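Here the structure is laid out as structure tokens; the discussion comes afterwards.
Protein chains: 2
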Amino acid sequence: MARPQTDIEAGRTALLEVVDDLVRKRGSVDISMTDLAAAAGMSPSNLYRFFDNKEALLEAVAERFFAEKIRIMVEVTESDLPVRDKMYQYFARRYLASVEQYEAEPELLKSYLEIGQQHFEVVRGYVDLGDHYLAIIVAEAMDQGYFQGLSIDEAVSLINQMLHCYTNPDILFYIGTTKLSVTKLAMIVDAVFQGLGKKIATQSVPGSHMKIVS
Amino acid sequence: MARPQTDIEAGRTALLEVVDDLVRKRGSVDISMTDLAAAAGMSPSNLYRFFDNKEALLEAVAERFFAEKIRIMVEVTESDLPVRDKMYQYFARRYLASVEQYEAEPELLKSYLEIGQQHFEVVRGYVDLGDHYLAIIVAEAMDQGYFQGLSIDEAVSLINQMLHCYTNPDILFYIGTTKLSVTKLAMIVDAVFQGLGKKIATQSVPGSHMKIVS
């Protein structure tokens with residue numbers, strides 16, 4: 001008889017903590033199902049009840065790693081904030097979440113980033129998801145007359161490049177949190193809105209979705 | 001009797017080629033003076049006539065690695081180009097020099113970048129030198145009314161962050177030369193000038209160094 005879903009979920013969560021411990025001890029060295037079973041004090045066949053295979057385990061690790069950032073992106077894009085504030089929050093809150101991980105356990109973060117590099121096929125979907133949410137904000141800004149002459153994809157790519165220091169947690173290890181700051185991030189977001197694409201001819205350009213209702 | 005300087009210089013250049021070969025074979029693994037002497041087919045005491053110690057060798061490696069970029073920065077800052085073009089050239093030409101290294105021998109570049117990380121004390125001076133030349137361009141732009149409300153250091157730091165994808169050659173390995181392009185780089189430089197700092201009140205603000213000569 002299959003265990004109730006909640007038990008499986010609880011078991012997975014506990015096993016991901018064991019993965020943390022293994023990564024703390026061994027760094028980004030590849031972890032096999034056998035290693036994880038041994039560290040968790042269970043038989044490999046028992047472990048397979050929680051994760052079908054190594055890929056499923058890696059996907060669960062990635063899901064947990066990105067959960068907070070997805071929560072932030074959903075919250076920000078669904079909010080009623082002005083579009084410039086949305087973009088600021090989109091980058092600043094994710095950046096601060098990375099800083100928190102970095103300051104709590106830099107070595108653990110570094111190892112997970114290396115694991116992510118080694119298994120980029122698992123990470124790619126989350127990168128695309130980030131672009132998807134940024135595209136929603138960019139489209140809203142375009143409706144207000146920003147980024148004229150650029151396609152959504154071009155604007156997303158340029159904005160990602162201009163804010164790269166605040167989205168790639170690896171940069172924390174290069175540049176550090178003294179030179180990086182949310183104050184600077186806000187200035188860069190301002191430069192994005194003021195400077196990216198052709199200038200807006202008028203103060204406010206009505207977007208194509210706006211209809212005159214009178 | 002000491003050899004003429006030119007012989008020593010020629011020997012150093014040849015030895016740096018041997019270092020390339022060692023790095024090609026072994027990656028970023030630390031190279032000792034003994035290893036280099038063996039690979040060059042000379043005695044360690046002979047090698048010490050070319051490089052006083054390991055630090056001197058590393059400094060010579062860094063000097064050669066950064067030579068082209070320094071040449072570019074000197075040329076651009078000394079040119080008569082308009083300041084916006086200067087900044088574009090400052091970033092674009094260095095970026096293209098990195099792309100050339102990346103496309104010729106990606107593994108060799110990656111290994112040298114890793115060596116640079118391991119011996120950051122040797123690299124730091126070159127990073128500071130880059131900031132020095134960028135500060136010259138920023139000061140010129142400020143004299144023309146750009147970046148109002150920012151100090152030179154703040155502007156240099158923000159601009160470095162906004163262009164980070166085009167200055168850190170490591171990013172070539174993450175993002176690749178499909179998504180990075182000098183066209184996008186030019187758009188980011190435009191956004192820097194149009195969007196960074198307070199807006200310019202008038203079309204042209206005379207700089208403090210300008211004197212009315214009539």
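Line order of the protein sequences matches chains A and B. The opening residue of the first sequence carries number 1 in the UniProt record's numbering; numbering runs sequentially from there. The opening residue of the second sequence carries number 1 in the UniProt record's numbering; numbering runs sequentially from there. Glycine is no exception: its CB is placed at the ideal position from the N, C-alpha and C atoms. Keep in mind it's a predicted model, so treat the numbers as computed, not measured.
- Glutamate 114/A and alanine 56/A have their C-alpha atoms spaced approximately 18 Å apart.
- Counting along the chain, glutamate 100/B sits inside the alpha helix (DSSP H) bounded by residues 83–104.
- Leaving aside the five residues that flank tyrosine 95/A on each side, the residues in its chain whose CB is nearer than 8 Å to its CB run, in chain order, Tyr166, Thr167, Leu180, Val182, Leu185.
- Taking 7 Å as the cut-off, the Cβ atoms of alanine 92/A and leucine 196/B do not count as close.
- Where arginine 26/B is concerned, the enclosing alpha helix (DSSP H) starts and stops at 5–26.
- In this structure isoleucine 137/B touches methionine 87/B by the C-beta definition: roughly 5 Å separates them, less than 8 Å.
- Taking 3 residues as the shortest admissible run, the segment 100–146 of chain B contains no complete beta strand (DSSP E) segment at all.
- Contact annotation: arginine 12/A and phenylalanine 50/A have beta-carbon atoms nearer than 7 Å.
- Annotated as proximal: alanine 139/A and isoleucine 152/A, with beta-carbon spacing under 7 Å.
- Note on geometry: alpha-carbon atoms of leucine 158/A and leucine 150/A lie some 10 Å from one another.
- Against serine 151/A, chain B offers no close residue; the least beta-carbon distance is about 12 Å (beta-carbon pairs closer than 8 Å).
- DSSP places isoleucine 72/A in the uninterrupted alpha helix (DSSP H) bounded by 54–78.
- The C-beta distance from valine 76/A to glutamine 89/A rounds to 5 Å, short enough to meet the 8 Å contact threshold.
- At least one CB atom of chain B sits nearer than 7 Å to the CB of lysine 184/A.
- Within 8 Å of the CB of glycine 195/B, the CB atoms of chain A belong to Asp190, Ala191, Val192, Phe193, Gln194, Gly195, Leu196, in sequence order along the chain.
- Annotation for asparagine 46/A: the continuous alpha helix (DSSP H) segment containing it runs 44–47.
- In this structure, leucine 47/B lies near alanine 37/B, with their beta-carbon atoms less than 7 Å apart.
- In the DSSP assignment, lysine 184/A is bridged to no other residue.
- Under the 10 Å beta carbon count, glycine 125/B is surrounded by fewer than 16 other beta carbons and is classified as exposed.
- Straight-line spacing of the CA atoms in tyrosine 174/B and histidine 164/A works out to 11 Å.
- By the beta-carbon neighbour count (other beta carbons within 10 angstroms, threshold 16), asparagine 53/B is exposed.
- Interface with chain B (7 Å Cβ-Cβ cutoff): methionine 162/A is included.
- Residue-level contact check: methionine 42/B does not touch chain A, since none of the beta carbons of chain A fall below 7 Å from its beta carbon.
- When 7 Å is used as the limit between beta carbons, lysine 86/A is near no residue of chain B, the shortest such separation being about 18 Å.
- The residue from Arg84/B, Ala40/B, Ile31/B, Glu63/B with its alpha-carbon nearest to that of glycine 145/B is Arg84/B.
- From the beta-carbon of leucine 109/B, no residue of chain A is found nearer than 9 Å; the closest lies around 16 Å away.
- Counting of Cβ neighbours within 10 angstroms places glutamine 117/A among the exposed residues, the total staying below 16.
- If you draw a straight line from the Cα of leucine 81/B to the Cα of leucine 129/B, it comes to about 21 Å.
- For the C-beta of serine 157/A, the chain B residues within less than 8 Å are, from N- to C-terminus, Lys179, Lys184.
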